[in-house]
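Visitor:
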Amino acid sequence: MPYYVRLMHREDVTLITEIDHEAFPTMWPPANYERELQTWLAHYIVAYEESKTAGEPAVTVTPGKSLPSLVSRVGQFFNHNRIPSIEEPSPTDRQYIVGFAGFWMMADEAHITNIAVRQSYRRQGIGELLLISMISLAMELNAHILTLEVRASNIAAQGLYYKYGFAQVGVRQGYYTDDKEDALVLSTEDITSVAFQKHLNQLKKTHSRRWGVALYHIAR
Ligand SMILES: CC(C)(COP(=O)(O)OP(=O)(O)OC[C@H]1O[C@@H](n2cnc3c(N)ncnc32)[C@H](O)[C@@H]1OP(=O)(O)O)[C@@H](O)C(=O)NCCC(=O)NCCS
Numbered sequence: 378m379p380y381y382v383r384l385m386h387r388e389d390v391t392l393i394t395e396i397d398h399e400a401f402p403t404m405w406p407p408a409n410y411e412r413e414l415q416t417w418l419a420h421y422i423v424a425y426e427e428s429k430t431a432g433e434p435a436v437t438v439t440p441g442k443s444l445p446s447l448v449s450r451v452g453q454f455f456n457h458n459r460i461p462s463i464e465e466p467s468p469t470d471r472q473y474i475v476g477f478a479g480f481w482m483m484a485d486e487a488h489i490t491n492i493a494v495r496q497s498y499r500r501q502g503i504g505e506l507l508l509i510s511m512i513s514l515a516m517e518l519n520a521h522i523l524t525l526e527v528r529a530s531n532i533a534a535q536g537l538y539y540k541y542g543f544a545q546v547g548v549r550q551g552y553y554t555d556d557k558e559d560a561l562v563l564s565t566e567d568i569t570s571v572a573f574q575k576h577l578n579q580l581k582k583t584h585s586r587r588w589g590v591a592l593y594h595i596a597r
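Position 45 of the sequence shown, counting from 1, maps to 422 under our numbering, and the rest follow consecutively.
1) Taking C-beta to C-beta, are E626 and L561 nearer than 9 Å?
2) Under the assumption that I522 contacts L507 (Cβ atoms under 8 Å), give the Cβ distance between them as a whole number of angstroms.
3) Report yes if the C-beta of I489 is less than 8 Å from at least one heavy atom of ligand 1; otherwise report no.
4) Quick one: grab the DSSP three-state call for M482.
5) Taking only the alpha-carbon atoms, compute the straight-line gap between K575 and G536 and give it to the nearest angstrom.
6) Alpha carbon to alpha carbon, what distance is there between R471 and V590?
7) Taking the alpha carbon of T554 as the reference point, which residue from W405, E388, V475, E399 has its own alpha carbon closest?
8) Ignoring anything shorter than 4 residues, give me the alpha helix (DSSP H) runs that lie fully in the stretch 498-565, in order along the chain.
9) Name the DSSP bridge partner or partners of N491?
10) Looking at the structure shown, is I422 part of a helix, part of a strand, or coil, going by DSSP?
11) Please state if the CB of I422 and the CB of R387 are separated by a distance shorter than 9 Å.
12) For the beta strand (DSSP E) containing R412, list its first residue and its last residue.
13) Within 10 angstroms of the Cβ of A520, are there 16 or more other Cβ atoms? Answer buried if so, exposed if not.
14) If you reduce the DSSP assignment to three classes, tell me which class L384 lands in.
15) Distance check for S564 and Y541, CA to CA, integer angstroms please.
16) Expressed to the nearest angstrom, what Euclidean distance is found between the alpha-carbon atoms of A435 and V548?
17) Sort D556, R495, A484 by Cα distance to A478 and report the nearest one.
18) Contact defined as beta carbons within less than 8 Å: I believe M511 pairs with I489. What is the distance between those atoms, to the nearest angstrom?
19) So does L506 have its beta carbon nearer than 8 Å to some heavy atom of ligand 1?
20) Give me whichever residues DSSP pairs with A596 in a beta bridge.
21) Output yes or no for whether 9 Å exceeds the beta carbon distance between H420 and L518.
22) Quick one: what's got a C-beta closer than 8 Å to R587's C-beta in the same chain, skipping five residues either side?
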């Protein structure tokens, strides 16, 4: 899988807003990611592929932001003994953002605010890659549970969350402002528990094999 994960930068906001609008066309105005990035509670990541094709929209990583000395490895639960089979892209490569996700840290709870993958890139394991990365980042930040709201009709997203051990803990009636649809409130168990970690490691192994991910980490 030629996809990588790093923290979201200010330079990404235009593309992220585009992906947000594609994923949530009825939500207006779109989330203000410029402001989100300034919120100290908020933690956002992007998934990207190397983009060398002329004419494709792409962003260039700001020199210095992704220098190896600043690269932090997060959540290498089981891959730490493996030699990556995929070369990491050089920081100067152009990057095409294919999805993003984020959460707010409140006490020991990481509340997922969003996750979205470009339509033409869906069903390739990128949503899972983003969720695995968010769980890793949340653990780094000492979270114990992840929570979120999801539309009652959003079967794709619910499938992703249920696969990773989220369970429904409530319903918010008429939560969505555009059409008053209900939101299901989902939550994990303690993500540091042995049971959750075992399940997560199994899912990562399967994801790794299926999509050819050699290493899970989040570049800064
Ligand atoms: C939800 C979303 C992020 C999933 O991204 P993705 O890259 O397509 O997901 P993956 O390929 O990693 O799929 C992982 C799992 O999600 C579930 N899933 C994904 N798409 C699905 C679909 N169309 N129908 C049913 N289950 C689906 C499956 O359980 C899948 O596992 P499987 O491949 O073993 O069946 C993507 O559909 C999206 O961007 N939707 C629009 C934005 C959105 O609704 N976000 C959620 C806000 S709460």
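For each residue, glycine too, the CB sits at the ideal point set by N, CA and C.
Guide: Let me lay it out:
1) Nothing about residue 626 can be reported from this structure: the residues present for the chain run from 378 to 597 only.
2) Taking the first residue of the sequence shown as position 1, residue 522 is located at position 145. Taking the first residue of the sequence shown as position 1, residue 507 is located at position 130. Rounded, the Cβ-Cβ distance is 18 Å, inconsistent with contact.
3) In the sequence shown, the residue the question calls residue 489 occupies position 112. Yes.
4) The residue given as residue 482 occupies position 105 in the sequence shown. Of the three classes helix, strand and coil, the one that applies to M482 here is strand, per DSSP.
5) Numbered from its first residue, the sequence shown carries residue 575 at position 198. Numbered from its first residue, the sequence shown carries residue 536 at position 159. Distance between the alpha carbons of K575 and G536 is about 19 Å.
6) On the sequence shown, residue 590 is found 213 positions in, with the first residue counted as 1. On the sequence shown, residue 471 is found 94 positions in, with the first residue counted as 1. If I take the Cα positions, the gap works out to 20 Å.
7) Position 177 of the sequence shown, counting from 1, holds the residue named residue 554. When each option's Cα is compared against that of T554, the closest is W405.
8) 503-517, 532-540
9) On the sequence shown, residue 491 is found 114 positions in, with the first residue counted as 1. BP columns for N491 point to G479.
10) For the purposes of this step, residue 422 is taken as residue 45 along the sequence shown, with counting starting at 1. In the structure shown, I422 sits in a strand (DSSP, three-state: E or B).
11) Stepping through the sequence shown from its first residue, residue 387 is reached at position 10. Stepping through the sequence shown from its first residue, residue 422 is reached at position 45. The answer is no: Cβ separation not under 9 Å.
12) Reading the sequence shown from its first residue, position 35 is the one you call residue 412. Premise fails: R412 lies in the alpha helix (DSSP H), 410-415, not in any beta strand (DSSP E).
13) Translated into the one-based positions of the sequence shown, residue 520 becomes position 143. So A520 ends up on the buried side.
14) For the purposes of this step, residue 384 is taken as the residue at position 7 of the sequence shown. L384 falls in the strand class under three-state DSSP.
15) Translated into positions along the sequence shown, residue 541 becomes position 164. Translated into positions along the sequence shown, residue 564 becomes position 187. Roughly 10 Å separates the two Cα atoms.
16) Residue numbering aside, residue 435 sits at position 58 when the sequence shown is read from its first letter. Residue numbering aside, residue 548 sits at position 171 when the sequence shown is read from its first letter. Unreliable placement is indicated for A435, whose pLDDT of 39 sits below 50; the coordinate value is still reported in the next sentence. Cα to Cα, the separation comes out at about 39 Å.
17) For the purposes of this step, residue 478 is identified with residue 101 of the sequence shown, where counting begins at 1. Nearest of D556, R495, A484 to A478, Cα basis: R495.
18) Position 134 of the sequence shown, counting from 1, holds the residue named residue 511. Position 112 of the sequence shown, counting from 1, holds the residue named residue 489. About 7 Å separates the two Cβ atoms, so the contact holds.
19) Looking up residue 506 in the sequence shown gives position 129. Result yes, Cβ under 8 Å from ligand 1.
20) Against the sequence shown, residue 596 aligns to sequence position 219. Answer is R383, bridged to A596.
21) Numbered from its first residue, the sequence shown carries residue 420 at position 43. Numbered from its first residue, the sequence shown carries residue 518 at position 141. Result yes, Cβ atoms of H420 and L518 sit closer than 9 Å.
22) Within the sequence shown, numbered from 1, the residue matching residue 587 stands at position 210. Once the five neighbours on either side are set aside, the close Cβ partners of R587 are G502.
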